[in-house]
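Everything in the sequence shown is counted per this note's numbering, starting at 4 for the first residue and increasing by one.
Quick notes on the structure that follows.
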Amino acid sequence: MDCWTPSIKVDEEFQKLVLRINPPRVTVDNSSTRNTTLIKVDSANKQGSLLEVVQVLNDMNLIIRRAYVSSDGEWFMDVFHVTDQHGNKLLEDDVVERIQQSLGPTARSFRSRRSVGMQAAIEHTTIEVTGRDRPGLLSEIFAVLTDHKCNIVAAEVWTHSSRMASVLYITDESTGCPINDPDRLAKIEHLLLSVLMEDRNKRSANTVVSVGGTHTERRLHQMMYADRDYDMMNLGSVDHGSGHRRKPLVTVENCSERGYTVVNLRCADRPKLLFDTVCTLTDMQYVVFHATLIAEGPEASQEYYIRHIDGRPISSEAERQRLINCLGAAITRRASEGIRLELCSEDRIGLLSDVTRIFRENGLSVTRAEVSTQGSQAVNVFYVIDSSGNPVKSETIDAVRKEIGLTILRVKEEEYLKSPPQERGRFSFGNLFKSRSEKFLYNLGLIRSYS
Numbered sequence: 004m005d006c007w008t009p010s011i012k013v014d015e016e017f018q019k020l021v022l023r024i025n026p027p028r029v030t031v032d033n034s035s036t037r038n039t040t041l042i043k044v045d046s047a048n049k050q051g052s053l054l055e056v057v058q059v060l061n062d063m064n065l066i067i068r069r070a071y072v073s074s075d076g077e078w079f080m081d082v083f084h085v086t087d088q089h090g091n092k093l094l095e096d097d098v099v100e101r102i103q104q105s106l107g108p109t110a111r112s113f114r115s116r117r118s119v120g121m122q123a124a125i126e127h128t129t130i131e132v133t134g135r136d137r138p139g140l141l142s143e144i145f146a147v148l149t150d151h152k153c154n155i156v157a158a159e160v161w162t163h164s165s166r167m168a169s170v171l172y173i174t175d176e177s178t179g180c181p182i183n184d185p186d187r188l189a190k191i192e193h194l195l196l197s198v199l200m201e202d203r204n205k206r207s208a209n210t211v212v213s214v215g216g217t218h219t220e221r222r223l224h225q226m227m228y229a230d231r232d233y234d235m236m237n238l239g240s241v242d243h244g245s246g247h248r249r250k251p252l253v254t255v256e257n258c259s260e261r262g263y264t265v266v267n268l269r270c271a272d273r274p275k276l277l278f279d280t281v282c283t284l285t286d287m288q289y290v291v292f293h294a295t296l297i298a299e300g301p302e303a304s305q306e307y308y309i310r311h312i313d314g315r316p317i318s319s320e321a322e323r324q325r326l327i328n329c330l331g332a333a334i335t336r337r338a339s340e341g342i343r344l345e346l347c348s349e350d351r352i353g354l355l356s357d358v359t360r361i362f363r364e365n366g367l368s369v370t371r372a373e374v375s376t377q378g379s380q381a382v383n384v385f386y387v388i389d390s391s392g393n394p395v396k397s398e399t400i401d402a403v404r405k406e407i408g409l410t411i412l413r414v415k416e417e418e419y420l421k422s423p424p425q426e427r428g429r430f431s432f433g434n435l436f437k438s439r440s441e442k443f444l445y446n447l448g449l450i451r452s453y454s
């Protein structure tokens, strides 16, 4: 094994030298097409280059309408047709610098700072949690952190195929600094594991605590892939009361005359779809040589010419089926099932614990969550479904909004909005707080659903 170490180091240094001599060339063209901005990227080729570019566009919340990728050789060229979230051409002029940073010799430190909903300068402790999903789980996780004097400054939570993965960014409630005490962290980790294993199903229940940053969405894909959520993959249609979603279509075939495996995907279009599929291909150790994305209507199509990192195309039916399942999981695990609830209020300790408890007490389960802090404001998004599997009733949503505050919690779906009530709710949480005896049970690690 040791004989390979010098060769690996030489190869890494050579790649850095190539990037210094031939830095990435990024051009932004607003005149060639009528409705989109063209971003062209030329750079020395290396494994993961495509993902790094798409990741930057993803972090800037750009919508990719078309993409053309070619990297067959020592160089790669990407062309992206993009708009902002409102369908307009780009006006910002920092896209060139950000892409160049992502591909340059110092790219690793640049990428590692990306974390959902926070400025890069914020110091925090990161907690990664995976386990079996069930109603009330997120509420119990937030309650444990709140009871142990942790402030959740940002978080992202995904659920898929009865599994849950979350990345949580916390600070000490009193100091606002990262939590470094190993005994305190060990206790928090132990209690979180107790919550995850409450149903005695211990498959892949796990917590990881670290100090520093991570790219949240990339980690969520990696965590769910490691948790093998694709094993239970069902590409059938689903309906949780928020509309019908067609299954993605994934085909994988070998192109024998060129030595590639050709992957075709068709599914409903949504933001960040290209990132999700490229992320999965990269983490599965496949290299994308050519690719085309077209997403100018309600449906998106993607085509990839790939090989395994060792240069081989897919060589077995089992590998082919595994790739189909993993790409299907990548497409559906971020898909937004349920009703979108948007919460904006003055941030405070325990806010998330209280809000998610109200969801649970009203029979709602959170399928996805995006938690962020902007200055003193909490800006959170939750996707909720009925815990019993029935369509969510508008009466339930109205009751939750009245308890939290009609001007604080808003509903995205128009069909669940009734005419404005006469009395506007105030942000008063009234009876949100549980008795001290129940908090004592939390501190003992005896986590149970209560109402």
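Every residue, glycine too, gets a C-beta built ideally from N, C-alpha and C.
Source: prediction; values computed, not measured.
> Would you report the Cα separation of V281 and K275, rounded to the nearest angstrom?
Replying inline: 10 angstroms
>> Which runs of the alpha helix (DSSP H) at least 4 residues long sit entirely within the stretch 80-107? Give them in chain order.
In response: 98-106
> Is the beta carbon of H311 sitting closer than 8 angstroms to the one on V72?
Replying inline: no
> Going by beta carbon distance, what residues of the same chain come within less than 6 angstroms of L435, once the five residues before and after it are set aside?
Replying inline: Legend: pLDDT at L435 = 38, less than 50; position of this residue unreliable, value from coordinates given subsequently. Counting only Cβ-Cβ distances below 6 angstroms, and skipping sequence neighbours, we find D357.
> When the Cα of D272 is compared with those of S142, I297, Q288 and E256, which residue comes out closest?
Replying inline: I297
> Which whole-angstrom value describes the C-beta separation of V85 and L94, a residue pair presumed to lie in contact below a C-beta threshold of 8 angstroms?
Replying inline: Contact flag wrong, Cβ pair sits at about 12 angstroms.
> Under a Cβ-count criterion, where at least 16 other Cβ atoms within 10 Å of its own Cβ denotes burial, should N383 be classed as buried or exposed?
Replying inline: buried
> Is it buried or exposed for C329, if we count other Cβ within 10 angstroms and need 16 for buried?
Replying inline: buried
> Between the C-alpha atoms of E349 and D75, what's the straight-line distance to the nearest angstrom?
Replying inline: 51 angstroms
> Per DSSP, L367 is paired with what?
Replying inline: D389
> Taking the runs of the beta strand (DSSP E) that are 3 residues or longer, which of them lie wholly in the stretch 257-335?
Replying inline: 263-271, 289-297 and 302-311
> Can you give the beta carbon distance from D175 to K152, rounded, assuming they're within the 8 angstroms contact cut?
Replying inline: 7 angstroms
> Do H163 and M226 come within 8 angstroms of each other at the CB atom, strictly closer than that value?
Replying inline: no
> Residues bridged to S3 by DSSP?
Replying inline: Because the chain in this structure spans residues 4 to 454, residue 3 falls outside the shown range and cannot be described.
> If we call anything under 8 angstroms between Cβ atoms a contact, is R69 one with E299?
Replying inline: yes
>> Quick check on A168: buried or exposed, where buried means 16 or more other Cβ atoms within 10 Å of its Cβ?
In response: buried
> Per DSSP, V147 is paired with what?
Replying inline: Paired residue(s): none; V147 is not in a bridge.
>> For D32, would you say it is in contact with chain D, using Cβ-to-Cβ distances shorter than 8 angstroms as the test?
In response: You won't find chain D in this structure, because it holds only one protein chain.
>> Just verifying my parser: in three-state terms, what is the DSSP assignment at L196?
In response: helix
>> Between V395 and L344, how many whole angstroms is the CB-CB distance? I'm expecting something under 8 angstroms.
In response: So it is not a contact: roughly 10 angstroms between Cβ atoms.
>> Please report the distance separating the alpha-carbon of S142 from that of D401.
In response: 20 angstroms
> With a CB to CB cut of under 6 angstroms and the five nearest residues on each side skipped, what residues in its chain are close to V57?
Replying inline: L277, F278 and V281
>> So, for R101: in the same chain, excluding its five sequence neighbours on each side, which residues have a beta-carbon less than 6 angstroms away from its beta-carbon?
In response: V59
>> Between the alpha carbons of G134 and S304, how many angstroms are there, rounded?
In response: 32 angstroms
>> Residues in the same chain with beta-carbon distance under 7 angstroms from N365, minus the five sequence neighbours each way, listed in chain order, please.
In response: T399, A402 and V403
> How long is the line joining the alpha carbons of S35 and L41, rounded to whole angstroms?
Replying inline: 8 angstroms
> Would a C-beta distance cut-off of 8 angstroms place I407 and I334 closer than the cut-off?
Replying inline: no
> So who's on the other strand from E349, going by DSSP bridges?
Replying inline: Q380
> Tell me which same chain residues have a C-beta within less than 6 angstroms of the C-beta of K415, skipping the five on either side of it?
Replying inline: R343
> Is it buried or exposed for S105, if we count other Cβ within 10 angstroms and need 16 for buried?
Replying inline: buried
> Taking just the CA atoms, how far does L140 sit from Q288?
Replying inline: 33 angstroms
> Does the beta-carbon of D211 have 16 or more other beta-carbons within 10 angstroms, so that it is buried, or is it exposed?
Replying inline: Per the sequence shown, residue 211 should be read as Val rather than Asp. When all chains shown are included, V211 counts as exposed.
>> Can you check which of these residues, A158, K250, E220 and I309, is closest to S259 by C-alpha distance?
In response: I309
> How big is the Cα-Cα spacing for I317 and L268?
Replying inline: 17 angstroms
> Under the three-state reduction of DSSP, which class applies to M63: helix, strand or coil?
Replying inline: coil
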